[in-house]
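*Asks:* One structure coming up, written as structure tokens, with questions to follow.
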Amino acid sequence: MPEGGNVFLEVTHNSGYSAIYDSNLNWVADIGQGPIHLEAGTYIVHADYSSPTYGALTFTGVEPTNGGLGSTIDGTSGDDLLTGTVADDSIRGLSGNDSLEGFDGTDTLVGGEGRDTIDAGEGDDSLSGGLGHDRLLGRGGDDRGNGGGGRDRIFGGSGNDTLEGKIGSDQLFGQRGRDFLKGGSGQDRIMGGGGHDTLAGGFGGDVLAGGRGRDMLTGGAGRDTFAFSRGNGQDTITDFELGIDRIKIGRGASQMEQLSFEQHGNDVLVSFSDVNLTVENASVESLSISDHFLFG
């Protein structure tokens, strides 16, 4: 709840009796009587747990009335909808399939257990999915996204974002900006988007696609696939392992004869259409073999 400055807060509960108490356990308001005005401080939401659907709460924060520092909101073990303010908020969903929305400000959003959706909004935010198959949306600002356990989908939005899938087979999308994307363990799909991005697969057989811009791609351990198509720009593969990794060519070439190979010191430049791909620590003789490439 608000820690610096007053705030209007709308709280609804799907079943049973609910009320708000202050930190001294003094009753403040019943939930369900409309928008509630709270002075700066710490508050406790009490819900009647006798209902089988207890704990599903909706918090809607509105702009602080005197320039406060934002809200600290904790959910319940149910499926919560938790919405912050235009200030700097801290929101935790705890267990349950929760929906968290930060709006403006530099927010910290933690989903916890369950299948959560986290929308950071504008600002330089920190998003953490926790356990479960989560969806994280960075939107504007330079965001930090951490999927945690489960099969997560993480979108950076605009800004220079740092996204990490952690445990599980995740999908990471840098979108716009100069992003750093790391898969972690599992078979991850990592897409850079626009901008000069750095992609790291981690452990497992990953698919890495830099997209537009000059990107650095490192597969890490496992059987990785590096994907390129016409319009992708100039990318670099730092750790291509012969006989293990593959280079997948989409639009722009359909057979080996459409690829050109040039030795540049310890590296090989592979070109097709408008794409110039540098493979570090390789030779033309060892790399220009069809077994290392996939088309289509």
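So the sequence shown is numbered by our numbering: it starts at 446 and just counts up by one.
Idealized CB from N, CA, C, for every residue including glycine.
Quick caveat: nothing in here was measured; it's all calculated off a predicted structure.
Around the Cβ of Ile391, are there at least 16 other Cβ atoms within 10 angstroms (buried) or fewer (exposed)?
*Replies:* Residue 391 lies beyond the residue range present for the chain, which begins at 446 and ends at 741; the question has no answer from this structure.
*Asks:* The alpha helix (DSSP H) spanning Val729 covers which residue range?
*Replies:* Stepping through the sequence shown from its first residue, residue 729 is reached at position 284. Unbroken alpha helix (DSSP H) run through Val729: 729-732.
*Asks:* When burial is assigned at 16 or more other CB atoms within 10 Å of the CB, is Gly557 buried or exposed?
*Replies:* Residue mapping note: residue 557 aligns to position 112 of the sequence shown, counting from 1. The residue is buried, with at least 16 neighbouring Cβ atoms inside 10 Å.
*Asks:* Do the region 711-726 and the region 674-682 touch if we need at least three Cβ pairs shorter than 8 angstroms?
*Replies:* Yes: the two stretches touch, three or more of their Cβ pairs being nearer than 8 angstroms.
*Asks:* Identify which residue in Asp606, Ser614, Arg621, Ala565 has its Cα closest to the Cα of Ser544.
*Replies:* Stepping through the sequence shown from its first residue, residue 544 is reached at position 99. Looking at the Cα atoms, Ala565 is the closest of the given residues.
*Asks:* Does Gln632 come out as helix, strand or coil in the three-state DSSP assignment?
*Replies:* Locating residue 632 in the sequence shown gives position 187, where the first residue counts as 1. Gln632 falls in the coil class under three-state DSSP.
*Asks:* Just curious, the beta strand (DSSP E) that Ala672 is in, first and last residue?
*Replies:* Reading the sequence shown from its first residue, position 227 is the one you call residue 672. Counting along the chain, the beta strand (DSSP E) containing Ala672 begins and ends at 670-673.
*Asks:* Which residue wins for smallest C-alpha separation from Arg659, given the options Asp669, His709, Gly638?
*Replies:* Walking along the sequence shown from the start, residue 659 turns up at place 214. The residue with the shortest Cα to Cα distance from Arg659 is Gly638.
*Asks:* Going along the chain, which residues of its own chain have a beta-carbon closer than 6 angstroms to the beta-carbon of Gln708, five neighbours each way excluded?
*Replies:* Start at 1 with the first residue of the sequence shown, and residue 708 comes out as number 263. Hits under 6 angstroms: Val729.
*Asks:* What is the residue span of the beta strand (DSSP E) that His709 lies within?
*Replies:* One-based indexing of the sequence shown puts residue 709 at position 264. Here the beta strand (DSSP E) through His709 covers 705-709.
*Asks:* Tell me, please, which residues DSSP counts as bridged to Ile689.
*Replies:* Mapped onto the sequence shown, residue 689 falls at position 244. DSSP output for Ile689 lists no bridge partner at all.
*Asks:* Run through DSSP, which three-state label would Ser544 get?
*Replies:* As a first step, residue 544 must be located in the sequence shown, where it is residue number 99. Note: Ser544 maps to strand in three-state DSSP.
*Asks:* Once the 5 residues before and after Gly655 are set aside, which same chain residues still bring their CB inside 7 angstroms of it?
*Replies:* The sequence position of residue 655 within the sequence shown is 210, counting from 1. These residues qualify, in order along the chain: Gly637, Asp642, Leu644, Leu662, Asn677, Asp680.
*Asks:* Going straight from the alpha carbon of Ser699 to that of Phe738, what length do you get?
*Replies:* Indexing the sequence shown from 1 puts residue 699 at position 254. Indexing the sequence shown from 1 puts residue 738 at position 293. Each residue's Cα considered, the two are about 10 angstroms apart.
*Asks:* Where Glu686 and Asp569 are concerned, what is the direct C-alpha to C-alpha distance, given to the nearest angstrom?
*Replies:* As a position in the sequence shown, residue 686 is number 241, starting the count at 1. As a position in the sequence shown, residue 569 is number 124, starting the count at 1. Taking the straight line joining both Cα atoms gives about 37 angstroms.
*Asks:* Classify Ser735 as helix, strand or coil using the three-state DSSP reduction.
*Replies:* Your numbering for residue 735 matches position 290 in the sequence shown. Helix, per DSSP.
*Asks:* Taking a contact to mean a Cβ-Cβ separation below 9 angstroms, would you say Asp615 touches Gly601 in this structure?
*Replies:* Locating residue 615 in the sequence shown gives position 170, where the first residue counts as 1. Locating residue 601 in the sequence shown gives position 156, where the first residue counts as 1. No, the Cβ-Cβ distance between Asp615 and Gly601 is not below 9 angstroms.
*Asks:* Would you kindly work out how many angstroms separate the C-alpha atoms of Gly590 and Ser516, rounded to a whole number?
*Replies:* Taking the first residue of the sequence shown as 1, we reach residue 590 at position 145. Taking the first residue of the sequence shown as 1, we reach residue 516 at position 71. Approximately 20 angstroms between the Cα atoms of the pair.
*Asks:* Compute the Euclidean distance between the alpha carbons of Leu617 and Glu725, then round it to the nearest angstrom.
*Replies:* Working through the sequence shown from its first residue, we reach residue 617 at position 172. Working through the sequence shown from its first residue, we reach residue 725 at position 280. Going from the Cα of Leu617 to the Cα of Glu725 covers about 24 angstroms.
*Asks:* Give the DSSP-derived three-state secondary structure of Glu702 in the structure shown.
*Replies:* Translated into positions along the sequence shown, residue 702 becomes position 257. In the structure shown, Glu702 sits in a helix (DSSP, three-state: H, G or I).
*Asks:* Which residue marks the beginning of the beta strand (DSSP E) containing Lys627, and which one marks its end?
*Replies:* Translated into positions along the sequence shown, residue 627 becomes position 182. First-last of the beta strand (DSSP E) with Lys627: 625-627.
*Asks:* With C-beta atoms as the reference, is Ile689 less than 9 angstroms away from Phe673?
*Replies:* Taking the first residue of the sequence shown as 1, we reach residue 689 at position 244. Taking the first residue of the sequence shown as 1, we reach residue 673 at position 228. Against a cut-off of 9 angstroms, the Cβ pair of Phe673 and Ile689 comes out as no contact.
*Asks:* Do Thr562 and Ser588 count as a contact pair if the criterion is CB distance below 9 angstroms?
*Replies:* Walking along the sequence shown from the start, residue 588 turns up at place 143. Walking along the sequence shown from the start, residue 562 turns up at place 117. Note that residue 588 is Asp in the sequence shown, not Ser. No, the Cβ-Cβ distance between Asp588 and Thr562 is not below 9 angstroms.
*Asks:* Look up Glu609 in the DSSP assignment and say whether it is helix, strand or coil.
*Replies:* The count along the sequence shown starts at 1 and reaches residue 609 at position 164. Correct three-state label for Glu609: strand.
*Asks:* Quick check on Ala654: does DSSP put it in helix, strand or coil?
*Replies:* Locating residue 654 in the sequence shown gives position 209, counting from the first residue. Ala654: strand per DSSP, three-state reduction.
*Asks:* If you draw a straight line from the alpha carbon of Gly610 to that of Arg623, how long is it in whole angstroms?
*Replies:* Against the sequence shown, residue 610 aligns to sequence position 165. Against the sequence shown, residue 623 aligns to sequence position 178. The alpha-carbon atoms of Gly610 and Arg623 are separated by roughly 18 angstroms.
*Asks:* Buried or exposed for Ile734, going by 16 or more other Cβ atoms inside 10 Å?
*Replies:* Here residue 734 refers to the residue found at position 289 of the sequence shown. Counting Cβ neighbours within 10 Å, Ile734 comes out exposed, since fewer than 16 surround it.
*Asks:* By DSSP's criteria, Leu617 is part of a beta bridge. Which residues make up the other side?
*Replies:* Here residue 617 is taken as the residue at index 172 of the sequence shown, counted from 1. DSSP, once it has assigned bridges, lists Ile599, Ile635 as partnering Leu617.
*Asks:* If I measure Cβ to Cβ from Leu626 and keep anything under 6 angstroms in the same chain, skipping five residues before and after, which residues do I get?
*Replies:* Walking along the sequence shown from the start, residue 626 turns up at place 181. Hits under 6 angstroms: Leu608, Leu617, Gly619, Ile635, Leu644.
*Asks:* Please report how far the alpha carbon of Leu769 lies from the alpha carbon of Gly585, in whole angstroms.
*Replies:* As displayed, the chain neither begins before 446 nor continues past 741, which places residue 769 out of reach and without an answer.
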